[in-house]
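Convert by adding 44 to the 1-based position in the sequence shown; the result is the number in the working numbering. Glycine residues also receive a C-beta, built at the ideal position from the N, C-alpha and C atoms. None of these values were measured; they are calculated from a predicted model. Have a look at the structure below, then the notes.
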Amino acid sequence: MRPTDIQTWSTRATRLGLFPAIASHAVAVVSNPDSSVTDLVRVVHRHPAVSMRIVRLVNGPFYDMPRPIHRLNDVFVYTGMAEALRLILAVSIGAQLWDTLTGRRIGYHAVRVGGLARLIARRTAGVDPGDAFLAGCLHDGAMPVFSESHPAYDAMAAECHGERLVRAEREALGVDHAALMSALLLQWGIAPRIATGVRCHHDPVTSATDPLAVVVQVADAIDTAMQSQTPTQDAVGQLVNLPASQALEIRGEEIHHWLDTASGKVRVAG
Ligand SMILES: [Fe+2]
Ligand SMILES: [Fe+2]
Numbered sequence: 045m046r047p048t049d050i051q052t053w054s055t056r057a058t059r060l061g062l063f064p065a066i067a068s069h070a071v072a073v074v075s076n077p078d079s080s081v082t083d084l085v086r087v088v089h090r091h092p093a094v095s096m097r098i099v100r101l102v103n104g105p106f107y108d109m110p111r112p113i114h115r116l117n118d119v120f121v122y123t124g125m126a127e128a129l130r131l132i133l134a135v136s137i138g139a140q141l142w143d144t145l146t147g148r149r150i151g152y153h154a155v156r157v158g159g160l161a162r163l164i165a166r167r168t169a170g171v172d173p174g175d176a177f178l179a180g181c182l183h184d185g186a187m188p189v190f191s192e193s194h195p196a197y198d199a200m201a202a203e204c205h206g207e208r209l210v211r212a213e214r215e216a217l218g219v220d221h222a223a224l225m226s227a228l229l230l231q232w233g234i235a236p237r238i239a240t241g242v243r244c245h246h247d248p249v250t251s252a253t254d255p256l257a258v259v260v261q262v263a264d265a266i267d268t269a270m271q272s273q274t275p276t277q278d279a280v281g282q283l284v285n286l287p288a289s290q291a292l293e294i295r296g297e298e299i300h301h302w303l304d305t306a307s308g309k310v311r312v313a314g
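See the structure below:
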């Protein structure tokens, strides 16, 4: 029987290990007011691959580190607890999507969209760059759940994009990846504003659309343009004319700058 409710899909997400133990431990540590950076470092040190990926990510193109930082403890002291939690969630959930979906490097897409969303949020009033980073890293996080349980899903996702994909998912699976991921984030105790940004990341843009979702839409579109071609002047023009870019009054020079930044090597897998 076709599963149509979010609860069924969320059980499948749990079985797939989409919210790993390290992520739930980190959320618990940060929600305890008595916790310190040392407690968070202790959680990550049990997972050397996550630790290595976090260090690579912060030394990559989306962070303005004054100098390379190689020790996890130094990274977390520099970023503070809130950003340290985002990094753990981004790497343990977002970047692992690279491992889950054979042949489709969603993890790189996730981390690049997170990085781009952070850059876009820096010049966008009312959107916190840290929120944008996390929402960007997690926005397509539910896709592996569909991919794993629905044999035709990968072909559907390769063929349809954006709103078309969301409609096709609702029709074939009873729920779309944005709504499912949003529900999962709420279950996992992630801030509701992040869940809203994720839920609305394919919504048509109007003056009422969640601003965080609009930022993620622009970042998603830039990364998608980068994957399908070397962006030309025409492609930049198309990106500037997107309703989401128009809503944020994004200029062509800004898109060029973000494309240059995002084309720097993003090394999170390995
Ligand atoms: Fe999406
Ligand atoms: Fe995406």
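Practice task
Below 8 Å on the Cβ atoms is my guess for L133 versus A67; work out the distance and round it to an integer in Å.
Solution key: 6 Å
Exercise for the section: Return the Cβ separation of W53 and V242 in integer angstroms, given the expectation that the two are a contact with Cβ distance under 8 Å. Expected result: About 15 Å separates the two Cβ atoms, so there is no contact after all.
Practice task
Please name the residue, chosen from I234, T253, C181, that lies closest to V74 on a Cα-to-Cα basis.
Solution key: I234
Exercise for the section: For L347, verify whether its CB is less than 8 Å away from any heavy atom of ligand 1. Expected result: Nothing about residue 347 can be read from this structure; the chain reaches only from 45 to 314.
Handout entry: Distance cut 5 Å, beta-carbon to ligand 3 heavy atom: residue list by chain order
Key = Looking for ligand 3 in the displayed structure turns up nothing; the ligands present are ligand 1 and ligand 2.
Exercise for the section: Given a cut-off of 9 Å, decide if G185 and D49 are closer than it, judged by their beta-carbon atoms. Expected result: No, these two residues do not count as a Cβ contact at 9 Å.
Practice task
Determine the DSSP secondary structure at S289, reduced to helix, strand or coil.
Solution key: helix
Exercise for the section: Going by CA-CA distance only, name the one from L292, L182, M270 that's closest to L224. Expected result: Measuring from the Cα of L224, the nearest candidate turns out to be L182.
Practice task
Pick out the complete alpha helix (DSSP H) segments inside the stretch 70–118, 4 residues or longer, and give them in chain order.
Solution key: 81–89, 92–102
Handout entry: Reduced DSSP secondary structure (H/G/I, E/B, other) of S307
Key = coil
Practice task
May I ask whether a heavy atom of ligand 1 can be found less than 8 Å away from the beta carbon of L209?
Solution key: Answer for L209: yes, Cβ within range of ligand 1.
Exercise for the section: Taking 9 Å as the cut-off, decide whether the C-beta atoms of P195 and G159 are in contact. Expected result: no
Handout entry: Three-state secondary structure assigned by DSSP to F63
Key = In this structure, F63 counts as coil in the three-state DSSP scheme.
Handout entry: Environment of T146 [buried if 16+ CB atoms lie within 10 Å]
Key = Residue placement at T146 is poorly supported in this model, since its pLDDT is 45, which falls under 50; the coordinates are not used for a value here.
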